[in-house]
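Input: a single structure, listed below in structure tokens.
Numbering (this note's numbering), first residue to last: 13 to 152.
Written out as structure tokens, the structure is:
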């Protein structure tokens, strides 16, 4: 199992959340997730969450103070098993329109979804659902 330290930002706007649709390169299975990715050498979890959200959605975001959540869970991606150590944050967008996105081919698109759809959107990824539920429940 490959250890992966990553960061993610759940960007909210009222009762909507910003998500990305991913496609596993090996299985071609598509699913919705929270923008995020690996923390680069020398980078903080906070900086990584903001950078990944911009790269994957085109939105510049501000992290909400005291919204940090740390989790650990197994994740299967591209025929590999990962031990994910993820630092999650809540965020708000700083502009109404995103910039152009030029990210990995497996990031298909981004979209705003009602927060009330979280169970349906993350039904195949209970660890993501648990983190999203926690962040939404404990937002200030």
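Don't be surprised by glycine CBs; every beta carbon is placed ideally from N, CA and C.
Quick one: Cα of residue i to Cα of residue j, how far?
| i | j | result |
| --- | --- | --- |
| residue 72 | residue 57 | 16 Å |
| residue 125 | residue 54 | 33 Å |
| residue 112 | residue 138 | 31 Å |
| residue 34 | residue 45 | 7 Å |
| residue 146 | residue 118 | 27 Å |
| residue 29 | residue 98 | 18 Å |
| residue 15 | residue 89 | 13 Å |
| residue 38 | residue 108 | 34 Å |
| residue 19 | residue 96 | 10 Å |
Can you tell me whether residue i is buried or exposed, with buried defined as 16 or more other CB within 10 angstroms of its CB?
| i | result |
| --- | --- |
| residue 92 | exposed |
| residue 41 | exposed |
| residue 106 | exposed |
| residue 13 | exposed |
| residue 52 | exposed |
| residue 47 | buried |
| residue 23 | buried |
| residue 68 | buried |
Output the boundary residues of the alpha helix (DSSP H) element that contains residue i.
| i | result |
| --- | --- |
| residue 73 | Per DSSP, residue 73 belongs to no alpha helix (DSSP H); it is in the beta strand (DSSP E), 73-75. |
| residue 28 | It is not in any alpha helix (DSSP H) - residue 28 instead sits in the beta strand (DSSP E) that spans 28-35. |
| residue 151 | Element bounds for residue 151: n/a, residue is neither H nor E. |
Under the DSSP definition of a beta bridge, which residues are partnered with residue i?
| i | result |
| --- | --- |
| residue 123 | 31 |
| residue 82 | 99 |
| residue 48 | 20 |
| residue 93 | 88 |
| residue 105 | 73 |
Could you check how far apart the C-beta atoms of residue i and residue j are, in whole angstroms? I think they sit under 8 Å.
| i | j | result |
| --- | --- | --- |
| residue 50 | residue 17 | 7 Å |
| residue 143 | residue 81 | 6 Å |
| residue 76 | residue 102 | 4 Å |
In terms of residue numbering, what span does the beta strand (DSSP E) encompassing residue i cover?
| i | result |
| --- | --- |
| residue 24 | 14-25 |
| residue 43 | 42-45 |
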